[in-house]
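Residue numbers (my numbering), protein chains in the order written: chain A, 539 to 786; chain B, 5 to 230.
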Ligand SMILES: Nc1ncnc2c1ncn2[C@@H]1O[C@H](COP(=O)(O)OP(=O)(O)O)[C@@H](O)[C@H]1O
Ligand SMILES: [Mg+2]
């Protein structure tokens, strides 16, 4: 694959919670239209890495540049930048007092200040894109987990982000609902979205990832194309982790 | 039969009602005015208290805890008398209405504040993070995501507290504010008859009963939905 320009550039990223250092110097470039897949044991810092990339977590040191804008610079309007960085959470985090349409419209109305009619049009298109045009009027409790996660994806996509961060998007789902979310993610990828995905769905990684990162104890241990990481890892730690995952 | 008639004359004396009605009506208006002053002010103060609780700073939190604890522990009657009778000694002349409003503000904003704080804390953090990840500011997330749900979650407590406050406004009679109870007692001592007190009791009931009903229905609905 020919590589596009760098969209997300992370340098020397460190993050500590109190005395424990959770990220110990992460360097990472994500190119336009690239899908970077992140694996690693629980507690290795995957979520923290994603959350630093939109400053839901404040990095302790290092630099993060998104689409040419320094995330950490004083002059950066973080709220303006965040709509360029979509995020999808393990627990969906939909707003239960709003319909699916309301969930998608909120930021369009309050952040982008779109008039109601235009916001609704964009929101309906986003819901249609994730296959939920007919669920616009439903509240989250009336939707299955898979549908809720797709609404959450639509909520991020509607803002026309440059890059999307997925933090274990299918881990909270019943097995039979995982497929619909992965299919939605595949479509996003095919439409050219740049994505960083933390997940245990190795089948998805093999089929859709350009690059797989293996993280352990706050460091990137190894990275490469899916075939290398899954079939012929160089590092012993990677091999042990992949074997353990494959056994499941 | 004789005693029943006596009772009627003492408690439901139509003649007395007619004579006392102007003073009772003025008392009713004063009570209403008091409730409509004290409840919105208390809610506003409570909202500010609850929002200040979300500020992660000790310099904010400690004074807040002192404020809330102090005015929740203070008996409201003592507070009213203290403000009304005490402030003039410090050189501040204050009207009965202002004294009562201030006393109730200090008391009710503390209670409303604790209730709203519990409501705010009942909303999962993840929702705020999702809102912030789409570019909403802290205040926008609070306004559009947290508060609507928080208020709904603690609505029975808010109404229950409002009822309490409405009832407590009768304490104002102690500092000679001519509200309903004060006026009824005036009328009672002028007419040597308990009918004005009875009338006041009925007015309180009619005024507050709709809130009681609403509360009861909400509580049933909350139980049913859990
Ligand atoms: N807000 C926090 N406060 C303290 N420790 C945290 C916090 N968030 C994460 N951690 C710790 O950081 C480490 C990495 O967590 P996380 O990034 O969630 O790992 P992963 O997503 O790979 O499972 C864990 O040990 C976790 O306990
Ligand atoms: Mg995680």
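Note that CB positions come from ideal geometry on N, CA and C, so glycine has one too. This structure is a prediction, so every number in the text was calculated from the model and none was measured.
query: Who pairs with residue 605 of chain A in a beta bridge, going by DSSP?
result: The partner list for residue 605 of chain A (beta bridge, DSSP) is empty, contrary to what the question assumes.
- request: Would you mind telling me which residues of chain B sit closer than 9 angstroms to residue 625 of chain A, beta carbon to beta carbon, in chain order?
  value: Close to residue 625 of chain A, with beta-carbon spacing below 9 angstroms, are these residues of chain B in chain order: 133, 134, 137 and 138.
task: Check whether the Cβ atoms of residue 722 of chain A and residue 691 of chain A sit closer than 7 angstroms, and answer yes or no.
output: Contact flag set, yes.
message: What does the alpha-carbon distance come out to for the pair residue 553 of chain A and residue 565 of chain A?
response: Using only the alpha carbons, I get a separation of about 13 angstroms.
query: Does the distance from the C-beta atom of residue 663 of chain A to that of residue 646 of chain A stay below 7 angstroms?
result: In this structure, residue 646 of chain A does not lie closer than 7 angstroms to residue 663 of chain A by Cβ.
query: When the distance is taken between beta carbons, is residue 583 of chain A closer than 7 angstroms to residue 756 of chain A?
result: Contact flag set, yes.
query: Mind checking whether the beta-carbon of residue 186 of chain B lies closer than 6 angstroms to any heavy atom of ligand 1?
result: Because no heavy atom of ligand 1 lies under 6 angstroms away, the Cβ of residue 186 of chain B does not count as near it: no.
Cβ pair residue 167 of chain B, residue 120 of chain B closer than 7 angstroms: Between residue 167 of chain B and residue 120 of chain B, the C-beta spacing is not below 7 angstroms.
- prompt: Interface residues of chain A around residue 130 of chain B at Cβ under 7 angstroms?
  reply: In chain order, 627, 629 and 631 make up the part of chain A whose C-beta sits under 7 angstroms from the C-beta of residue 130 of chain B.
- request: Since I believe residue 46 of chain B is in contact with residue 169 of chain B (beta carbons under 8 angstroms), could you give me their beta-carbon distance rounded to a whole number of angstroms?
  value: Between the beta-carbon of residue 169 of chain B and that of residue 46 of chain B there is about 6 angstroms, and that keeps the pair under the 8 angstroms contact cut.
query: Which residues in the same chain have their Cβ closer than 6 angstroms to the Cβ of residue 577 of chain A, if we skip the five residues on either side of it in sequence?
result: Cβ neighbours of residue 577 of chain A beyond the five flanking positions: 752.
message: Is residue 584 of chain A near ligand 2 - that is, is its Cβ less than 6 angstroms away from at least one heavy atom of it?
response: Answer for residue 584 of chain A: yes, Cβ within range of ligand 2.
message: Output needed in chain order: residues of the stretch 137-157 of chain B with a Cβ under 8 angstroms from some Cβ in chain A.
response: Taking 8 angstroms as the Cβ-Cβ cut-off against chain A, the residues of the stretch 137-157 of chain B that qualify are 137, 138, 139, 140, 141, 144, 148, 149, 152, 153 and 156.
- prompt: Just how far apart, CA to CA, sit residue 744 of chain A and residue 736 of chain A?
  reply: The alpha-carbon of residue 744 of chain A is positioned some 14 angstroms away from that of residue 736 of chain A.
query: Roughly how many angstroms lie between the CA atoms of residue 548 of chain A and residue 219 of chain B, to the nearest whole one?
result: Computed Cα separation, rounded: 54 angstroms.
message: Run through chain B and tell me which residues come within less than 8 angstroms of residue 662 of chain A, C-beta to C-beta.
response: Correct list: empty, because the minimum Cβ distance to chain B is about 17 angstroms.
field: alpha helix (DSSP H) segments (min. 4 residues) lying fully within the stretch 557-620 of chain A
entry: Counting only runs of 4+ residues, the alpha helix (DSSP H) found wholly inside the stretch 557-620 of chain A occupies 584-590 and 616-620, in chain order.
message: Against chain B, with Cβ distances strictly below 7 angstroms, would residue 710 of chain A count as a contact?
response: No, no contact with chain B.
- request: Check the DSSP bridge columns for residue 553 of chain A and list the partner residues they point to.
  value: In the DSSP output, where bridge partners are listed per residue, residue 553 of chain A has A/561.
task: May I ask you to check if the CB of residue 560 of chain A is nearer than 6 angstroms to at least one heavy atom of ligand 1?
output: Of the heavy atoms belonging to ligand 1, at least one sits nearer than 6 angstroms to the Cβ of residue 560 of chain A.
- prompt: residue 17 of chain B to residue 29 of chain B, Cα distance in whole Å?
  reply: Taking the Cα positions, residue 17 of chain B is about 17 angstroms away from residue 29 of chain B.
- prompt: Can you name the start and end residues of the alpha helix (DSSP H) that residue 752 of chain A belongs to?
  reply: Per DSSP, residue 752 of chain A belongs to no alpha helix (DSSP H); it is in the beta strand (DSSP E), 749-754.
message: Excluding the 5 residues flanking residue 231 of chain B on each side, which residues of the same chain have their C-beta closer than 8 angstroms to its C-beta?
response: In the structure displayed, chain B extends from 5 to 230; residue 231 of chain B sits before or after that span and is not available.
query: Is it right to say residue 64 of chain B is buried, meaning 16 or more other beta carbons lie within 10 angstroms of its own, or is it exposed?
result: The residue in question, residue 64 of chain B, is exposed, as its Cβ has fewer than 16 Cβ neighbours within 10 Å.
task: Would you kindly check if the distance between the Cβ of residue 625 of chain A and the Cβ of residue 137 of chain B is under 7 angstroms?
output: The answer is yes: Cβ separation under 7 angstroms.
query: Can the beta-carbon of residue 41 of chain B be found closer than 7 angstroms to that of residue 105 of chain B?
result: Yes.
- prompt: Does the Cβ of residue 137 of chain B lie closer than 6 angstroms to at least one heavy atom of ligand 1?
  reply: Result no, Cβ not under 6 angstroms from ligand 1.
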